[in-house]
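Taking the working numbering, I'd label the letters of the sequence shown as residues 5 to 719. Just so it is clear, CB atoms sit at the ideal spot from N, CA and C, and this is done for glycine as well. The block underneath contains the structure these notes are about, expressed in structure tokens.
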Amino acid sequence: MISLNLVGFELAKVDKGKKIKKVQANSVRALKKVMGKSRLYIVPRAEVGQDLPLPPDRIHEAEGDTALERPQSPRAEVLTVPAAINVEDYTGDSSRHHQSLNLTSTETVENLQRAQSPGLVVLPVPGTPHDLEEWRTVRQQQDIEYSLSLRADQEKDQSRQAVSEYEERRLKTIDERHMRTTEEPAGGIPLKFSFPDGTMKIRRFHTSDPMQALFDFVGSHASATEYFYIRETTSGTTIINTVSGTLLDLNITSPLNIHVRWMDMEDVQTIYQQRNTDVAEVPDLIEIIQSDFGPTQCGPAEEIYYIDYLDIMPESNMSEPDEMQLTDDIEIQCTEDSDCSPKEILLELGKNINYNLSCRFNINRNSVLDGAFRAFGRKSYDPFKRISVKFSDETGNLEEGVDLGGPRRELLSLLMEEIEHSPMLAGPDGQKNLALDSIAVREDKYYIMGKAISVSMVHGGPSPGFFSPTLFNCIVKDNVSPTIDDVHDFDLRAKIRKVSEARSMEELHSVVSSISDYLSNAGCLRAVKCLKDKDLLLQDILLFQVVNRLHGPLERFKEGLRTLGLLEEVLKHPEAFRPLFCSPPQLSADRLDQLFDICFSSAGSNRRVQENIAVAFWRDYLLDAEEGNSPCSLEKILMFATGCSALPAIGLKPQPSIEFLHTDSPLPGYTQQREKFPTANTCVNCLRLPLHKDYTAFKYNMDFAICNTQGFGQE
């Protein structure tokens with residue numbers, strides 16, 4: 005039925021019985037068919053069959069020549085004559101509309117306008133030229149408004165259709181990616197993906213896998229768009245999902261932390277239209293995007309996108325200040341070549357490692373050195389393969405966890421500590437020299453020790469950092485001048501010191517006589533004729549005790565350092581590598597704070613307020629650890645979060661991050677009771693901080709968790 009928003013009025017016609025008959029029609033065409041040549045009346049609501057109320061001064065003719073008699077009704081004095089409209093004129097030319105309106109008087113129009121709803125427009129009576137002009141103006145305005153309304157409706161329809169097509173195309177693309185996604189390989193490099201909705205996924209890939217396999221995995225996310233881009237946090241490399249090639253081609257060869265960003269619908273539509281309108285240029289349109297980011301204090305570095313879609317990928321989309329505050333884990337100036345650094349050299353050596361293949365290490369925590377040396381000594385061990393570690397506790401039970409990098413770093417850290425305190429080395433902490441161990445000589449452990457140190461440095465573990473300058477010089481130089489402090493035997497060192505401090509020939513002869521047997525066995529027994537001869541005697545004793553008697557173990561140790569090509573690079577750049585072997589940079593509260601990227605919630609949210617408090621507590625906690633006001637050291641904190649007690653020379657990958665344990669945390673298995681303690685995932689170097697209202701509770705629970713948690717997979 006046609007609705008004209010008539011409040012208190014209806015459409016009607018007069019039948020031959022002079023009765024008002026209500027008209028019902030679903031369209032103008034149907035209305036025309038019902039009315040025929042009759043006139044259409046807009047009448048007050050009345051019962052069907054009631055006499056038509058007419059004015060006292062005029063009577064309208066109905067169909068044919070039959071006249072309508074004036075009804076005797078009290079309502080005739082109140083109600084006006086209905087408007088009579090010719091339906092044919094409203095289906096024809098609008099220029100004849102003024103002839104189709106037949107109203108009895110101006111008063112009728114005014115009364116009708118007052119009675120009708122605001123949505124109904126009643127045209128003026130074109131009784132005079134002025135009225136006709138006014139009617140035409142109103143009609144023109146109506147035509148314009150109708151055109152604008154029609155255009156707006158069309159645009160809405162087009163927009164709805166575009167959104168529908170976009171969503172249909174997006175879902176179809178996700179289904180296709182699901183179908184192409186293959187099973188996760190057993191080996192390969194683990195990659196951690198952080199999605200815009202806050203979810204994270206970890207999956208392994210072979211370096212020989214095509215990039216499309218990675219994009220299919222990422223793009224199978226329920227919120228994925230047709231086009232998106234990924235960003236590796238440490239290098240600042242951004243890649244759009246249309247790039248071809250393999251992971252190796254794009255230098256994805258080690259565990260990484262990757263952020264995913266979906267494109268807006270407008271951006272996707274722009275790329276979609278360009279790719280479909282100029283297909284010939286598509287291969288050159290989208291390339292890998294390289295950005296050079298450096299640590300700055302004023303904000304993120306400027307990004308340069310080598311891409312034709314500059315207008316749809318603004319720089320602000322990729323601006324992440326927390327991730328831009330990246331510092332090199334080891335900063336060492338190379339004295340002989342300013343373009344080289346140990347980090348670059350070790351990373352270059354690490355490119356030869358095949359992360360798709362692995363060698364298994366079964367390690368018991370009570371005998372890390374023994375288990376590691378067994379694994380390194382196997383004929384099947386290949387240093388060019390990834391290390392896969394499985395820990396067992398003191399009862400022999402395997403610890404939970406899959407080695408995605410954390411157990412490997414933990415093993416190498418524990419191994420460096422045990423090597424430092426093994427019988428093969430002697431001397432004070434941080435100043436170790438080789439010691440003669442007959443069992444180690446027989447089992448060729450000096451060679452295995454050198455191999456273990458090389459593997460640790462190249463595979464992302466810590467550097468030794470405990471060599472004495474003399475031991476390092478024995479590796480890189482032919483002429484070495486040991487000192488008395490390099491002699492670790494306390495009694496012998498005391499006697500050698502007496503030789504050095506002798507002030508007379510009698511005193512010198514007395515000391516030489518007391519160690520004559522030792523001098524005879526060392527081949528240093530000589531006639532001392534003057535006081536100056538003590539200097540030559542002292543030099544012979546030190547060379548024998550520190551260098552010559554250990555020539556065999558030293559050569560085997562150096563042979564082990566040749567593993568993965570490390571020794572050759574150390575010999576080329578000895579001063580660059582000296583700090584890594586002798587005195588690695590010490591941890592500090594500031595350095596540890598800058599090492600972690602903090603994953604905040606949205607600014608202004610309730611979560612962000614709690615997280616800001618936790619970060620302040622975290623930084624105070626680091627200061628307490630640095631000043632010795634906490635049972636936990638900075639090394640223990642780093643070990644808890646990453647599996648390393650010292651920063652590796654090549655840095656930590658993925659970049660260490662900090663998250664927060666909210667009470668509504670989506671992490672499985674966490675109750676409110678457990679959320680008061682910190683947790684960590686050393687595979688992705690992620691530390692999760694608890695949220696407390698006061699620093700005392702925060703510090704107590706941090707100390708308790710870190711000092712009492714030992715072993716991978718235990719939280």
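> Run through DSSP, which three-state label would PRO318 get?
Replying inline: Bear in mind that the predicted position of PRO318 carries a pLDDT of just 39, short of 50, making it unreliable; the figure below should be weighed with that in mind. PRO318 falls in the coil class under three-state DSSP.
Around the Cβ of SER634, are there at least 16 other Cβ atoms within 10 angstroms (buried) or fewer (exposed)? buried
_Integer Cβ distance of LYS347 from ALA620, believed to fall under 8 Å_ = At roughly 32 Å, the Cβ-Cβ gap does not stay under 8 Å, so LYS347 and ALA620 are not in contact.
inquiry  = Let me make sure I understand the geometry here. Which of TYR150, GLN598 and TYR231 has the alpha-carbon closest to that of MET267?
reply    = TYR231
Checklist line | Contact under 8 Å by Cβ, ILE602 with ILE545 | finding: no
ask   = Quick one, are the C-beta atoms of VAL222 and ILE206 less than 8 Å apart?
value = Taking C-beta atoms as the reference points, VAL222 and ILE206 fail to come closer than 8 Å.
Q) Going by the beta-carbon positions, is the gap between PHE41 and VAL27 smaller than 8 Å? A) Per the sequence shown, residue 41 should be read as Lys rather than Phe. Against a cut-off of 8 Å, the Cβ pair of VAL27 and LYS41 comes out as no contact.
Margin query: I believe LEU260 touches LEU195 by the beta-carbon criterion, under 8 Å. Please report the beta-carbon distance rounded to the nearest angstrom.
Written below: 5 Å
Expressed to the nearest angstrom, what Euclidean distance is found between the alpha-carbon atoms of TYR699 and SER649? Counting only the Cα atoms, SER649 lies some 25 Å from TYR699.
Excluding the 5 residues flanking HIS492 on each side, which residues of the same chain have their C-beta closer than 6 Å to its C-beta?
ALA430 and GLY431
With DSSP run on the structure shown, which of helix, strand or coil describes ASP539? helix
- For VAL47, three-class secondary structure by DSSP: strand
To the nearest angstrom, how far is it from the Cα of HIS696 to the Cα of TYR450? 50 Å
| With distances taken from CA atoms, which of ASN368, ASP374, LEU350 and ILE391 is nearest ASN358? | Answer by Cα proximity: ILE391.
Review point. Which word fits ASP288, buried or exposed, when buried means at least 16 other C-beta atoms lie within 10 angstroms of its C-beta?
Key: Here the model assigns ASP288 a pLDDT of 39, short of 50, so the residue's position is not dependable and the matter cannot be decided.
- Message: Report the CB separation of SER198 from VAL264 in whole angstroms; it is logged as a contact under 8 Å.
- Response: 7 Å
Counting C-beta neighbours from all protein chains within 10 Å, is the total for GLN549 16 or more, i.e. buried, or is it exposed?
buried
Return helix, strand or coil for ARG412, following the three-state DSSP convention. helix
- Message: Output needed for TYR150: all residues of its chain with C-beta closer than 6 Å, excluding positions within five of it in sequence on either side, in chain order.
- Response: None.
Under 8 Å between the Cβ atoms of CYS363 and ALA376? no
inquiry  = Report the start-end ranges of each beta strand (DSSP E) in the stretch 633-719 that is 3 residues or longer and not cut off at the edges.
reply    = Whole beta strand (DSSP E) segments, 3+ residues: 661-665, 683-685 and 690-694.
Let me know if GLY632 comes out buried or exposed under the rule of 16 or more other beta-carbons within 10 Å of its beta-carbon. exposed
Count the other C-beta atoms from every protein chain shown that fall within 10 angstroms of the C-beta of THR474, then say buried if there are 16 or more, exposed otherwise.
buried
Checklist entry - Which residues bound the alpha helix (DSSP H) around TYR450? => result 449-462
Exercise for review: Taking the CB atoms as reference points, tell me whether LEU691 and PHE600 lie closer together than 8 Å.
Suggested key: yes
Handout entry: Rounded Cβ spacing between ILE617 and ALA629 (contact assumed at less than 8 Å)
Key = Actually they are not in contact, since the Cβ atoms of ILE617 and ALA629 sit about 19 Å apart, beyond 8 Å.
Q) When you compare only the Cα positions, how much space is there between SER524 and ALA531? A) 12 Å
- Query: Which full runs of the alpha helix (DSSP H) of 4+ residues lie inside the stretch 162-203, going along the chain?
  - Reply: none
What's the C-alpha gap between GLN76 and ILE46?
Bear in mind that the predicted position of GLN76 carries a pLDDT of just 42, short of 50, making it unreliable; the figure below should be weighed with that in mind. GLN76 and ILE46: Cα-Cα distance of roughly 20 Å.
Note to self: Using C-beta distances below 7 Å, list every residue in its chain close to ASP220, excluding the 5 sequence neighbours before and after it, in chain order.
What the structure shows: ARG181, ARG184 and THR185
Self-check item: Where GLN392 sits in the DSSP three-state scheme
Solution: One point to set straight first is that residue 392 is Ser, not Gln, in the sequence displayed. Note: SER392 maps to strand in three-state DSSP.
What are the boundary residues of the beta strand (DSSP E) that includes CYS363?
358-368
| query | Under a three-way DSSP split, which group does ALA16 fall into? | reply | ALA16 falls in the strand class under three-state DSSP.
> For SER417, which residues from the same chain have a beta carbon less than 6 Å from its beta carbon, with the 5 sequence-adjacent residues on both sides left out?
Replying inline: PRO466, CYS648 and SER649
Buried or exposed: which applies to ASP539, given that a residue is buried once 16 or more other Cβ atoms fall within 10 Å of its Cβ? It is exposed - the Cβ of ASP539 has fewer than 16 other Cβ atoms within 10 Å.
- Query: How big is the Cα-Cα spacing for SER168 and SER661?
  - Reply: 39 Å
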